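Peer 1: Residue numbers (the numbering used here): 130 to 446. Even for Gly, the Cβ is constructed at its ideal location relative to N, Cα and C. Treat the numbers as computed from the prediction; the structure is a model and nothing was measured.
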Amino acid sequence: MSDAIRYDWTVDEVLALMTGPLEPLLERARCVHAEYGAQDVQKCRLLSVKTGGCSEDCGYCSQSAHYKTEVKAETMLPTDDVLRAAREARDAGATRFCMGTAWRQVPEGQKFREVLKMIRGVRDLGMEACVTLGMANEAQLKQMAEAGLTAYNHNLDTSRDYYPKIVTTRSYEDRLKTLQAVRSSGVQICSGGIVGMGESVRDRAALLVELACFKPHPESVPVNLLVPIKGTPLEGARPIAFEEFLRAVATARILMPTSRVRLSAGRNTLSEAEQLQCFEVGANSIFVGEKLLTAPNVDEQEDEALYTKWEGQPASV
Ligand code: SAM
Ligand code: DTB
Ligand code: SF4
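Shown next as structure tokens:
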């Protein structure tokens with residue numbers, strides 16, 4: 130059976146898919162992936178260009194000024210340092226460079242001009258450039274589009290209903306407004322969420338439905354597994370079983386057949402076999418390098434072994 134691309138999924142329908150028997154769900158995801166998906170796993174590198182001291186109260190985040198975490202507020206990195214890191218990432222095999230800031234919204238003035246320079250610099254290195262800078266308006270996105278920005282990351286994080294339990298300093302509508310501005314600017318949408326924040330399976334289904342209502346679908350969909358951060362309200366969240374995470378990845382693939390589904394935060398808690406299972410059911414992008422924004426990522430040698438298994442070995446071996 131061929132799964133046509135749809136934009137009208139309902140929460141009940143997706144919930145039934147997500148909570149149904151495991152093997153048919155995984156098999157359907159494998160089929161959709163084979164039919165539409167690229168088999169290569171895209172390697173993205175993250176860099177926090179402005180760390181900590183954020184005025185938002187996102188309950189999962191090490192960088193919120195509302196919580197006492199081990200992350201200290203820093204000033205913005207110099208553009209040259211950012212571009213040096215991008216070059217190193219490219220030379221190590223990454224094709225996309227993602228720059229994050231602990232901002233509620235994109236500022237005007239010198240800081241924004243530096244961001245534009247970073248975007249141009251990353252594009253000049255022949256890499257895809259992605260930024261995640263908080264809320265942005267149409268004028269700012271237009272300028273970032275002109276600078277060559279490939280994608281803007283802005284996660285919906287969870288369902289509309291569960292969102293106020295996680296963040297109170299902005300609304301779901303604020304998030305959607307920025308995503309609409311991204312779309313109008315012609316920049317690709319990168320938007321996904323986090324699993325393991327105490328949400329129900331219905332919340333996960335509802336998040337995926339929100340994302341799958343975009344026409345076209347977001348070009349990339351990060352699926353983060355909560356990294357519990359000491360000092361935040363979610364530090365003691367109940368860890369979820371791998372099977373639940375796998376179901377979320379498979380469902381994202383079925384709903385959004387052509388999107389890049391990215392295994393994002395928390396990949397370091399998955400075994401190699403579990404990561405390979407995620408690739409089989411549709412994940413086709415990862416963050417590489419020893420660090421995410423503030424949290425540790427996967428050891429580079431372990432990742433080399435993972436690629437060798439997934440992509441195969443040179444014929445000379
Ligand atoms: N300040 C910007 C914003 O909130 O859009 C950009 C940076 S923010 C750190 C980017 C995303 O990282 C969040 O939307 C969230 O999905 C993810 N994230 C942050 N902390 C996390 C954690 N502890 N575990 C899993 N994902 C996390
Ligand atoms: C996304 O969805 N995950 C990345 C990226 N987009 C910006 C961030 C993960 C952050 C993990 C926690 C940390 O490093 O502080
Ligand atoms: Fe700030 Fe982004 Fe962290 Fe929320 S997720 S506290 S907006 S850096």
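#1: Using the three-state DSSP reduction, which class does Gln-404 fall into: helix, strand or coil?
#2: Taking the CB atoms as reference points, tell me whether Val-235 and Ala-265 lie closer together than 7 Å.
#3: What would DSSP say about Gln-317, mapped onto helix, strand or coil?
#4: Does Pro-351 pass the burial test, meaning 16 or more other C-beta atoms within 10 Å, or should it be called exposed?
#5: Given this structure, state the Cα-to-Cα distance separating Leu-354 from Gln-272, to the nearest angstrom.
#6: Closest to Asp-432 by C-alpha separation, out of Leu-399, Leu-278, Tyr-196, Gly-411, would be which residue?
#7: Apply the 10 Å Cβ neighbour rule to Tyr-136 and answer buried if 16 or more other Cβ atoms are within range, or exposed otherwise.
#8: Whole angstroms are fine: how far does the CA of Glu-164 sit from the CA of Val-200?
#9: How close, in whole Å, do the beta carbons of Met-247 and Leu-212 come, if the pair is a contact with beta carbons under 8 Å?
#10: How long is the line joining the alpha carbons of Gly-360 and Tyr-189, rounded to whole angstroms?
#11: Could you name the residues of the same chain whose beta carbon sits closer than 7 Å to that of Gln-448, not counting the 5 residues immediately before and after it, in chain order?
#12: Could you compute how far the alpha carbon of Gly-277 sits from the alpha carbon of Arg-252?
#13: By DSSP, does Tyr-436 sit in helix, in strand, or in coil?
#14: Please state the DSSP three-state secondary structure of Lys-294.
#15: Do Met-228 and Leu-176 have their beta-carbon atoms positioned less than 7 Å apart in this structure?
#16: Once you ignore the five residues that flank Gly-222 on each side, which residues in its own chain have a CB closer than 8 Å to its CB?
#17: Classify Gly-255 as buried or exposed, calling it buried when 16 or more other Cβ atoms lie within 10 Å of its own Cβ.
#18: Reducing DSSP to helix, strand and coil, say where Leu-254 ends up.
#19: Would you give the residue range spanned by the alpha helix (DSSP H) that Cys-214 belongs to?
#20: Among the candidates Arg-174, Ile-295, Ser-313, Arg-376, whose CA atom is the shortest distance from the CA of Met-326?
#21: How would you call Lys-197, buried or exposed, if buried means at least 16 neighbouring beta carbons within 10 angstroms?
#22: Taking the straight line between their C-alpha atoms, what separation do you get for Leu-151 and Ala-379?
#23: Given that a residue counts as buried once 16 or more other Cβ atoms are within 10 Å of its Cβ, and exposed if not, what is Ala-444?
#24: Ignoring anything shorter than 4 residues or poking outside the region 359-389, list the alpha helix (DSSP H) runs there in chain order.
#25: On the three-state DSSP scale, how would you describe Gln-430?
#26: Using a Cβ-Cβ cutoff of less than 6 Å, which residues in the same chain neighbour Asp-286 once the five nearest sequence positions on both sides are dropped?
#27: Rounded to the nearest angstrom, how far is the Cβ of Glu-257 from that of Ser-313, given a contact under 8 Å?
#28: At a threshold of 6 Å, does Gln-234 count as lining the ligand SF4 (C-beta to nearest heavy atom)?
#29: By the three-class DSSP mapping on this structure, what secondary structure does Phe-241 have?
Peer 2: This is what the structure gives:
#1: Residue state, collapsed to three classes: helix.
#2: One thing to note: Val-235 has its Cβ within 7 Å of the Cβ of Ala-265.
#3: Look at Gln-317 here: in three-state DSSP terms it is strand.
#4: Answer is buried; the Cβ neighbour count reaches 16.
#5: Leu-354 and Gln-272: Cα-Cα distance of roughly 32 Å.
#6: Checking every option, the nearest Cα to that of Asp-432 belongs to Leu-399.
#7: So Tyr-136 ends up on the exposed side.
#8: If you take the alpha carbons of Val-200 and Glu-164, they lie about 43 Å apart.
#9: Approximately 7 Å separates the beta-carbon atoms of Met-247 and Leu-212; this is inside 8 Å, confirming the contact.
#10: Between the alpha carbons of Gly-360 and Tyr-189 lies a distance of about 10 Å.
#11: The structure shown does not extend to residue 448, since the chain is modelled only from 130 through 446, so no value can be given for it.
#12: When the Cα atoms are used, Gly-277 and Arg-252 turn out to be separated by approximately 7 Å.
#13: Three-state DSSP puts Tyr-436 in a helix.
#14: Per DSSP, reduced to three states, the secondary structure at Lys-294 is helical.
#15: Cβ atoms of Leu-176 and Met-228: closer than 7 Å.
#16: Non-local C-beta neighbours of Gly-222 in its own chain, meaning closer than 8 Å and more than five positions away in sequence, comprise Lys-172, Val-417, ordered along the chain.
#17: Exposed, since its Cβ has fewer than 16 Cβ neighbours within 10 Å.
#18: Coil at Leu-254, not helix or strand.
#19: Checking the displayed sequence, the identity of residue 214 turns out to be Ala instead of Cys. First-last of the alpha helix (DSSP H) with Ala-214: 208-220.
#20: For Met-326, the nearest C-alpha among the options comes from Ile-295.
#21: Per the 10 Å Cβ criterion, exposed.
#22: If you draw a straight line from the Cα of Leu-151 to the Cα of Ala-379, it is about 10 Å long.
#23: Result: exposed.
#24: If we require 4 residues or more, the alpha helix (DSSP H) runs fully inside the region 359-389 come out as 371-384.
#25: In the structure shown, Gln-430 sits in a helix (DSSP, three-state: H, G or I).
#26: Answer for Asp-286: Gly-322, Ile-323, listed in chain order.
#27: Wrong, their Cβ atoms sit about 20 Å apart, outside the cutoff.
#28: False, no ligand heavy atom lies under 6 Å from that Cβ.
#29: Taken through DSSP and simplified to helix, strand or coil, Phe-241 comes out as helix.
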